[in-house]
Amino acid sequence: MRGDFSVMSLLAQTWEKTFSAKEGAMLLKTFGVSSFSELLLTPKLEKILSEAIERESIERGDALYLTKISPKEMPFLLLAASAIRNRSKGKTITYSKNVFVPLTQLCRDRCGYCTFKIEPGEGSLFMNPDEVLDIAKKGVKAGCTELLFVTGDKPELAYQIYRDALGKIGYETTAEYLIDMGKTGLENGIFPHTNLGLSTPEELLEFRKSNPSMGLMLENISERLLKKGNAHHGCADKVPRLRMETMEHAGELRIPWTSGILVGIGETFEERIDSLYALLDLSRSYGHLQEIIIQNFNPKEGIKMQEFPPADFIEMLKTVAISRLVFGGEMNIQIPPNLNNRNFTFYLTAGVNDLGGVSPLTIDYVNPEAPWPQVERMEREVKALGYELRERLPVYPEYIDENWIDPYVLEKVRQRVDETGYVPVN
Ligand code: SF4
Numbered sequence: 011m012r013g014d015f016s017v018m019s020l021l022a023q024t025w026e027k028t029f030s031a032k033e034g035a036m037l038l039k040t041f042g043v044s045s046f047s048e049l050l051l052t053p054k055l056e057k058i059l060s061e062a063i064e065r066e067s068i069e070r071g072d073a074l075y076l077t078k079i080s081p082k083e084m085p086f087l088l089l090a091a092s093a094i095r096n097r098s099k100g101k102t103i104t105y106s107k108n109v110f111v112p113l114t115q116l117c118r119d120r121c122g123y124c125t126f127k128i129e130p131g132e133g134s135l136f137m138n139p140d141e142v143l144d145i146a147k148k149g150v151k152a153g154c155t156e157l158l159f160v161t162g163d164k165p166e167l168a169y170q171i172y173r174d175a176l177g178k179i180g181y182e183t184t185a186e187y188l189i190d191m192g193k194t195g196l197e198n199g200i201f202p203h204t205n206l207g208l209s210t211p212e213e214l215l216e217f218r219k220s221n222p223s224m225g226l227m228l229e230n231i232s233e234r235l236l237k238k239g240n241a242h243h244g245c246a247d248k249v250p251r252l253r254m255e256t257m258e259h260a261g262e263l264r265i266p267w268t269s270g271i272l273v274g275i276g277e278t279f280e281e282r283i284d285s286l287y288a289l290l291d292l293s294r295s296y297g298h299l300q301e302i303i304i305q306n307f308n309p310k311e312g313i314k315m316q317e318f319p320p321a322d323f324i325e326m327l328k329t330v331a332i333s334r335l336v337f338g339g340e341m342n343i344q345i346p347p348n349l350n351n352r353n354f355t356f357y358l359t360a361g362v363n364d365l366g367g368v369s370p371l372t373i374d375y376v377n378p379e380a381p382w383p384q385v386e387r388m389e390r391e392v393k394a395l396g397y398e399l400r401e402r403l404p405v406y407p408e409y410i411d412e413n414w415i416d417p418y419v420l421e422k423v424r425q426r427v428d429e430t431g432y433v434p435v436n
């Protein structure tokens, strides 16, 4: 720690104001120090963090500098990220209750980390409309508000058998089918949130008529990952430019949008930072990015990347905290709790304010090995660190207005929230 008494006491005050005693102790222990005075604050780090707090964003060069700080400097990065989050969001941590609908697990891509894709003959070609209706109804009964549609990318371009079967129920593309199933969900009292993959403006316009929000992960902005031997080799839908294009169309159509990055799929830290700035540019241009997910890779048996190490915990913390500094306090930043089941609350110290969709009914088909934590456990652990857990819809309160949501959908959204924009507390 620097020997400047005024800076030190100012930081000490901020520390106690920002972190609960339990969080503070947890941080010191994790970074191998026994007291606050053993932490290291270099002038450069102090300058970057002070500017981040003042300006609500940081320059790329400063973000890159932060990727290299030592464990003894880390708590200050987390402190700044938490202070920025607290200033805009207070101590409210959100989540949504969803049912997961893997409409089709066929896919024309071959991501190295995939556990979702199946081939014809390994399972159903797609869920039929009755199955979707059934799960939507069960979701409503279990108190869920989000019908989370996830599919493989454009299987109709790869599999004749899929095209034929889809044709028999009256659709030419997965998008057309999803658009109708979204409407089915909405009419049955649950809000669709569709992750289709690359989409045309015409498709997005149709989705907007039933989806209060949609999503597409950027994953990473680096074209390098498309090259042979990398995670996105052989994936026509993972071309970053095309993913950005879909999200730009969504911005033009004013669709509240969820995006994010994957951590640990073979990208460099610099590529990760560049991905965050690509999303920041998008957000500044259209204002429609309602949420950024920072999703960690975990290896599983049977995938191409099964020998890859899982995303490193300290790197994840750094990435989350840097994301908070890049995007400022207003952005909703999420980590998936089921992929961080043992330590999801730790990410609250890095500026996260959302714990994503949790399902009381269905598994996470994209990460079938990772069970959701129980809402009661989330509530208990979040509270123990001094935060309050609130349930939200798939759309965040700041987007609940006619600028962002189709009037018919908006009416239904408003019926499900209180004056805070969250689901009323019972
Ligand atoms: S991760 Fe998604 S896009 Fe990639 S192969 Fe699996 S299903 Fe297809």
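In our numbering, each number is its position in the sequence shown, counted from 1, plus 10. Quick reminder that beta carbons are idealized off the backbone N, C-alpha and C, glycines included. Just so it is clear, the structure is predicted and the values come from calculations on it, not from any experiment.
**Prompt:** How long is the line joining the alpha carbons of ASP14 and LEU55, rounded to whole angstroms?
**Reply:** Here the model assigns ASP14 a pLDDT of 45, short of 50, so the residue's position is not dependable and the matter cannot be decided.
**Request:** Could you name the residues that DSSP lists as bridge partners for GLN115?
**Result:** Answer is none; GLN115 lacks a bridge partner.
**Asked** Is any heavy atom in ligand 1 found nearer than 8 Å to the beta carbon of TYR169?
**Response** no
**Asked** How would you label TYR418, buried or exposed, when you count the other beta carbons within 10 angstroms and need 16 or more for buried?
**Response** exposed
**Prompt:** DSSP on GLN344, reduced to helix/strand/coil?
**Reply:** strand
**Item:** Neighbour-count burial assignment, PRO319, 16 or more Cβ in a 10 Å radius
**Value:** exposed
**Message:** Does the distance between the C-beta of GLY162 and the nearest non-hydrogen atom of ligand 1 fall short of 8 Å?
**Reply:** yes
**Request:** Can you give me the Cβ contacts of GLY339 inside the same chain, cut-off strictly under 7 Å, excluding the 5 residues immediately before and after it?
**Result:** GLU66, ILE94, ARG95, ARG97, SER98 and LYS99
**Prompt:** Within 10 angstroms of its Cβ, does PRO404 collect 16 or more other Cβ (buried), or is it exposed?
**Reply:** buried
**Message:** Please determine whether the Cβ atom of PHE110 lies at a distance below 8 Å from any heavy atom of ligand 1.
**Reply:** no
**Prompt:** Do the CB positions of PRO370 and ALA168 come within less than 9 Å of each other?
**Reply:** no
**Pick from LEU252, PRO139 and PRO222 that is closest to ILE231, judged by C-alpha positions** = LEU252
**Prompt:** Which of helix, strand or coil does DSSP assign to LEU74?
**Reply:** helix
**For ALA73 and ILE283, believed in contact at Cβ under 8 Å, the rounded distance** = 5 Å
**Message:** So, under 8 Å CB-CB, LYS248 and GLU277 are touching, yes? Tell me the CB distance rounded to an integer number of Å.
**Reply:** That pair is no contact at about 12 Å.
**Prompt:** How big is the Cα-Cα spacing for ARG390 and ASP174?
**Reply:** 49 Å
**Prompt:** Which class does ARG400 belong to by DSSP, given the choice of helix, strand or coil?
**Reply:** strand
**Prompt:** At what residues does the beta strand (DSSP E) containing GLN425 begin and finish?
**Reply:** Run containing GLN425: none in the beta strand (DSSP E); it sits in the alpha helix (DSSP H), 417 to 425.
**Request:** Could you give the DSSP three-state label for LEU272: helix, strand or coil?
**Result:** strand
**Asked** Going straight from the alpha carbon of MET11 to that of ALA35, what length do you get?
**Response** The predicted model places MET11 with a pLDDT of 45, which falls under 50 and marks its position as unreliable; any figure quoted below should be read in that light. The alpha-carbon atoms of MET11 and ALA35 are separated by roughly 17 Å.
**Prompt:** If you draw a straight line from the C-alpha of PRO112 to the C-alpha of THR372, how long is it?
**Reply:** 10 Å
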